[in-house]
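Asker:
Protein chains: 2
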Amino acid sequence: MSDDHDLGPLEAHYCFTAYKLNRAFARFYQTVFGDTGLTYPKYVILNVLSESGPLSISQLSERAGVENNTLSPLLKRMASFGVLARERDPDDERRVVITLTEMGRTALDAARTAVASGFAELGLDPEEVKRSITYMGHAQAKLEKAKPAKLTMAALMGKTD
Amino acid sequence: MSDDHDLGPLEAHYCFTAYKLNRAFARFYQTVFGDTGLTYPKYVILNVLSESGPLSISQLSERAGVENNTLSPLLKRMASFGVLARERDPDDERRVVITLTEMGRTALDAARTAVASGFAELGLDPEEVKRSITYMGHAQAKLEKAKPAKLTMAALMGKTD
DNA sequence: CAACTTTACATCGTATGCGAACTATTCGTT
DNA sequence: AACGAATAGTTCGCATACGATGTAAAGTTG
Chain G
1 MSDDHDLGPL
11 EAHYCFTAYK
21 LNRAFARFYQ
31 TVFGDTGLTY
41 PKYVILNVLS
51 ESGPLSISQL
61 SERAGVENNT
71 LSPLLKRMAS
81 FGVLARERDP
91 DDERRVVITL
101 TEMGRTALDA
111 ARTAVASGFA
121 ELGLDPEEVK
131 RSITYMGHAQ
141 AKLEKAKPAK
151 LTMAALMGKT
161 D
Chain U
1 MSDDHDLGPL
11 EAHYCFTAYK
21 LNRAFARFYQ
31 TVFGDTGLTY
41 PKYVILNVLS
51 ESGPLSISQL
61 SERAGVENNT
71 LSPLLKRMAS
81 FGVLARERDP
91 DDERRVVITL
101 TEMGRTALDA
111 ARTAVASGFA
121 ELGLDPEEVK
131 RSITYMGHAQ
141 AKLEKAKPAK
151 LTMAALMGKT
161 D
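Protein chains in written order, with the numbering used here: chain G, 1 to 161; chain U, 1 to 161.
1) Taking Pro90(G) as the query, report the chain U residues whose CB atoms sit under 8 Å from its CB, ordered along the chain.
2) According to DSSP, is Glu128(G) part of a helix, a strand, or is it coil?
3) Would you tell me roughly how many angstroms separate the C-alpha atoms of Ser138(G) and Gly123(U), rounded to the nearest one?
4) Can you tell me whether Val96(G) is helix, strand or coil according to DSSP?
5) Tell me, to the nearest whole angstrom, how far the beta carbon of Leu84(G) is from that of Leu75(G); I am working on the premise that it is less than 8 Å.
6) Measure the C-alpha to C-alpha separation of Lys42(U) and Tyr135(U) and round it to an integer number of angstroms.
7) Closest by CA to Glu87(G), which one among Ala79(G), Val97(G), Met78(G) and Phe81(G)?
8) I want to verify the contact list: residues of chain G whose CB lies under 9 Å from the CB of Arg131(U), in sequence order.
9) On the DSSP letters alone, give me the boundaries of the alpha helix (DSSP H) that Ala111(G) sits inside.
10) Starting from Leu84(U), trace the beta strand (DSSP E) both ways and give me its first and last residue.
11) With 8 Å as the limit, tell me which residues of the stretch 72-84 of chain G have their beta carbon closer than that to any beta carbon of chain U; keep them in chain order.
12) Going by beta carbon distance, what residues of the same chain come within less than 8 Å of Ala64(G), once the five residues before and after it are set aside?
13) DSSP on Leu71(G), reduced to helix/strand/coil?
14) For the 8 Å Cβ check, are there 3 or more pairs between the stretch 10-23 of chain U and the stretch 144-155 of chain U?
15) According to DSSP, simplified to helix, strand and coil, what is Leu151(U)?
16) For Leu10(U), which three-state DSSP category applies?
17) How big is the Cα-Cα spacing for Thr101(G) and Ala141(U)?
18) Could you tell me the boundaries of the alpha helix (DSSP H) in which Leu187(U) lies?
19) Would you mind giving the Cβ-Cβ distance between Leu156(G) and Ala107(U), rounded to the nearest angstrom? I have them listed as a contact below 8 Å.
20) Can you round the beta-carbon distance between Gly158(G) and Ala110(U) to whole angstroms, since I take them to be within the 8 Å contact cut?
21) From which residue to which residue does the alpha helix (DSSP H) around Ala64(U) run?
22) Can you grab the Cα-Cα spacing for the pair Leu55(U) / Ala154(U), in whole Å?
23) DSSP three-state label for Gly137(G), please.
24) Please determine, among Glu128(U), Lys145(U) and Gly104(U), the residue with the shortest C-alpha to C-alpha distance to Ala38(U).
25) Among Arg112(G), Lys145(G), Phe28(G) and Glu93(G), which one has its Cα closest to the Cα of Pro9(U)?
26) In chain G, which residues lie with their C-beta within 7 Å of the C-beta of Gln140(U)?
27) Could you tell me the distance, in whole angstroms, from the CA atom of Ala18(G) to the CA atom of Phe81(G)?
28) Using a Cβ-Cβ cutoff of 8 Å, what residues of the stretch 104-117 of chain G are near chain U? List them in chain order.
29) Hey, how far is the Cα of Ile133(G) from the Cα of Leu21(U)?
Put into structure tokens, the structure is as follows:
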């Protein structure tokens with residue numbers, strides 16, 4: 001959609017811009033990762049594990065910003081691919097500990113190099129990016145605190161009672 | 001993930017921030033729309049149709065920023081819900097023309113009111129939002145032009161040949 | 001007019017995201 | 001020791017996103 005269109009308030013436009021930017025990034029990563037089986041969420045997880053060391057699924061959920069119910073199947077696929085290992089914590093069997101494997105480290109190194117190479121050619125303005133990150137962080141914090149009223153089916157249909 | 005973590009270059013951080021902001025917005029809309037069956041992509045489509053009048057699927061794809069192969073099933077669901085109508089163009093039977101129904105207009109009005117109400121409570125800084133939109137637009141344009149090299153399976157596995 | 005190319009849309013297969021509900025384990029209270 | 005609450009993770013069902021492929025219709029060329 002051209003930016004001539006007005007989706008309503010400024011927030012709606014902001015949302016739509018974030019929607020398009022997110023998918024532009026998704027496509028960029030999809031192109032870089034090609035047919036390797038790697039995806040952006042998997043890449044994020046590998047990075048988090050590389051920096052933090054082994055984590056429980058809940059900890060990983062928190063650091064990677066991915067829901068538990070998204071992580072469970074995702075981590076199972078990654079484990080069967082061989083980039084990480086899942087193990088029940090013997091001290092607390094509710095927990096599963098996720099550890100990067102050697103193959104995972106190798107894959108991450110290669111992925112990081114490919115991504116960095118692609119980003120180097122983008123030519124983004126570092127000052128704009130830094131400011132944008134800060135502003136987006138503000139917006140995200142406020143959105144997560146919001147408690148908007150729910151639309152009902154009756155209201156959607158224009159029925160008043 | 002806390003922003004202490006460094007995903008690598010500034011671009012990677014930017015991507016992760018966009019990823020989280022997009023999902024924060026998605027959740028916000030999901031909360032507002034509740035069990036009505038409405039979703040953010042459907043909301044965008046209704047808005048585009050409301051402002052542009054009837055469009056072909058390709059035109060809608062372009063204005064809503066949604067791929068044709070995502071739109072086809074989406075529009076079928078929306079048509080069976082009753083908010084829009086699909087009709088083959090008699091002049092060019094390759095094309096399907098999408099038209100908002102009266103029910104669609106009513107639903108969109110209600111949705112816009114609910115969304116605006118939720119946004120009104122957010123308290124975002126208008127100047128930050130405007131700048132952010134501009135910067136994100138720049139980034140999106142560059143990402144869409146990028147032609148990054150693809151990672152191969154061999155490179156992922158650390159094999160040199 | 002036939003053959004080929006292009007365009008528009010649809011389907012397939014697989015990916016993720018998330019609300020809801022479920023199962024298993026641990027912790028706290030009585 | 002028994003029971004309920006809380007925690008951790010899993011599964012279900014449905015949503016979207018998109019590369020690849022397929023079908024049908026229109027346009028172009030010789």
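Glycine included, C-beta positions come from ideal geometry on N, C-alpha and C.
Here the structure is a predicted model, which means the values were calculated and not measured.
Answerer: Working from what's here:
1) If you number the first sequence from 1, residue 90(G) lands on position 90. Within 8 Å Cβ-Cβ: nothing; Pro90(G) doesn't reach chain U, min ~27 Å.
2) Sequence index remark: in the first sequence, residue 128(G) carries index 128 (1-based). Note: Glu128(G) maps to helix in three-state DSSP.
3) Sequence index remark: in the first sequence, residue 138(G) carries index 138 (1-based). Sequence index remark: in the second sequence, residue 123(U) carries index 123 (1-based). First, the amino acid is wrong: residue 138(G) is His here, not Ser. His138(G) and Gly123(U): Cα-Cα distance of roughly 10 Å.
4) The residue you call residue 96(G) lines up with position 96 of the first sequence. Strand.
5) Taking the first sequence and counting its residues from 1, one reaches residue 84(G) at position 84. Taking the first sequence and counting its residues from 1, one reaches residue 75(G) at position 75. Contact flag correct, Cβ pair sits at about 7 Å.
6) To locate residue 42(U), count along the second sequence from 1; it is residue 42. To locate residue 135(U), count along the second sequence from 1; it is residue 135. Distance between the alpha carbons of Lys42(U) and Tyr135(U): 26 Å.
7) Counted from its first residue, the first sequence places residue 87(G) at position 87. Considering only alpha carbons, the answer is Val97(G).
8) Numbered from 1 along the second sequence, position 131 holds the residue referred to as residue 131(U). Near Arg131(U) (Cβ distances below 9 Å), the residues of chain G are Glu128, Arg131, Ser132 and Tyr135.
9) Indexing the first sequence from 1 puts residue 111(G) at position 111. Taken as a continuous stretch (DSSP letters only), the alpha helix (DSSP H) holding Ala111(G) covers Glu102 to Ala120.
10) Residue mapping note: residue 84(U) aligns to position 84 of the second sequence, counting from 1. That run of the beta strand (DSSP E) goes Leu84 to Arg88.
11) Taking 8 Å as the upper bound on Cβ-Cβ separation, chain U lies near no residue of the stretch 72-84 of chain G.
12) Locating residue 64(G) in the first sequence gives position 64, where the first residue counts as 1. Answer for Ala64(G): Pro41, Val44, Ile45, Val48 and Leu71, listed in chain order.
13) Against the first sequence, residue 71(G) aligns to sequence position 71. Leu71(G) falls in the helix class under three-state DSSP.
14) no
15) Counted from its first residue, the second sequence places residue 151(U) at position 151. Coil.
16) Along the second sequence, read from residue 1 onward, the residue named residue 10(U) stands at position 10. Helix at Leu10(U).
17) The count along the first sequence starts at 1 and reaches residue 101(G) at position 101. The count along the second sequence starts at 1 and reaches residue 141(U) at position 141. Going by the C-alpha atoms only, they are around 37 Å apart.
18) In this structure chain U extends from 1 to 161, so residue 187(U) is not present and cannot be described.
19) By one-based count along the first sequence, residue 156(G) stands at place 156. By one-based count along the second sequence, residue 107(U) stands at place 107. With 8 Å as the limit, Leu156(G) and Ala107(U) qualify as a contact, their Cβ atoms being about 5 Å apart.
20) What you label residue 158(G) is simply residue 158 of the first sequence in a count that begins at 1. What you label residue 110(U) is simply residue 110 of the second sequence in a count that begins at 1. That pair is a contact at about 6 Å.
21) As a working note, residue 64(U) is residue 64 in the second sequence. From DSSP, the alpha helix (DSSP H) with Ala64(U) extends over Ile57 to Ala64.
22) If you number the second sequence from 1, residue 55(U) lands on position 55. If you number the second sequence from 1, residue 154(U) lands on position 154. Leu55(U) and Ala154(U): Cα-Cα distance of roughly 45 Å.
23) Taking the first sequence and counting its residues from 1, one reaches residue 137(G) at position 137. Here Gly137(G) sits in helix by DSSP.
24) Reading the second sequence from its first residue, position 38 is the one you call residue 38(U). Note that residue 38(U) corresponds to Leu in the displayed sequence, not to Ala. Nearest C-alpha to Leu38(U): Gly104(U).
25) As a first step, residue 9(U) must be located in the second sequence, where it is residue number 9. Ranking the options by Cα distance to Pro9(U), first place goes to Arg112(G).
26) For this step, residue 140(U) is matched to residue 140 along the second sequence. What Gln140(U) touches in chain G: Lys20, Leu21 and Ala24.
27) As a position in the first sequence, residue 18(G) is number 18, starting the count at 1. As a position in the first sequence, residue 81(G) is number 81, starting the count at 1. Distance between the alpha carbons of Ala18(G) and Phe81(G): 32 Å.
28) Thr106, Ala107, Asp109, Ala110, Ala111, Arg112, Ala114, Val115, Ala116 and Ser117
29) Residue numbering aside, residue 133(G) sits at position 133 when the first sequence is read from its first letter. Residue numbering aside, residue 21(U) sits at position 21 when the second sequence is read from its first letter. About 10 Å.
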